[in-house]
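Remarks on the structure that follows.
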Amino acid sequence: MVGAARSGVAAAHLLARRGATVTLTDLQPAIPEEDALRAAGVALELGGHDAATLTRADIVVLSPGVPSTEPAIQAAMAAGVHVIGELELASRWLRGRVVAITGTKGKSTTTTLTGLMLEAGGRRVLVGGNIGLALSAQVDDSTEDTIHVVEVSSFQLEAT
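Numbering-wise (this note's numbering), the sequence shown opens with residue -13 and increments by one.
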């Protein structure tokens, strides 16, 4: 897992709950969630992304905003490691339907209003992505009748 912002932390927790061996890397030398992540069994490599770690991985998951042009990511890709984004990871376990909203302006407003309209229509809705909960944080609450309304940025689409 590359990137320890909100989506990366949620994805690391999701993978750990699903029994994966997880290493989370981040450029920052320290992150607020260190104790909780370590308690969940997530190994941390802080202060940079090590190409050796990523090239040994079975799969590399990118947080939104982590560019695939990062040298360690490029090394992993060159080594044949499958690189995906957090949205793609989460979508592998989601049940129900997904409404993804993207664009230049108005994504948050459109996502929020879409969620509210669906809720007003009696639907079970979880709103997230770039607003609210990361999609990885919604997986455990996802049911067959859930509609996930997801704000999606260009960074997230790049790795999907």
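Just so you know, even glycine gets a beta-carbon here, dropped at the ideal spot from N, CA and C.
>> Measuring alpha carbon to alpha carbon, tell me which residue in -7, -12 and -13 is nearest residue 119.
In response: -7
> In the structure shown, what three-state DSSP assignment does residue 20 receive?
Replying inline: helix
> Cα separation between residue 7 and residue 27?
Replying inline: 8 Å
>> Let me check understanding here. Comparing Cα to Cα, which of 4, -3, 40 and 83 lies closest to residue 19?
In response: -3
>> Taking the straight line between their C-alpha atoms, what separation do you get for residue -12 and residue 103?
In response: 35 Å
> With burial defined as no fewer than 16 other Cβ atoms inside 10 Å of the residue's Cβ, what is the status of residue 12: buried or exposed?
Replying inline: buried
>> Cutting at 8 Å between CB atoms, please list the residues of its own chain near residue 130, excluding the five before and the five after it.
In response: 81 and 82
> If you run the structure through DSSP and keep just helix, strand and coil, what is residue 12?
Replying inline: strand
> Relative to the alpha-carbon of residue 45, which residue among 72, 3, 140 and 122 has its alpha-carbon at the smallest distance?
Replying inline: 72
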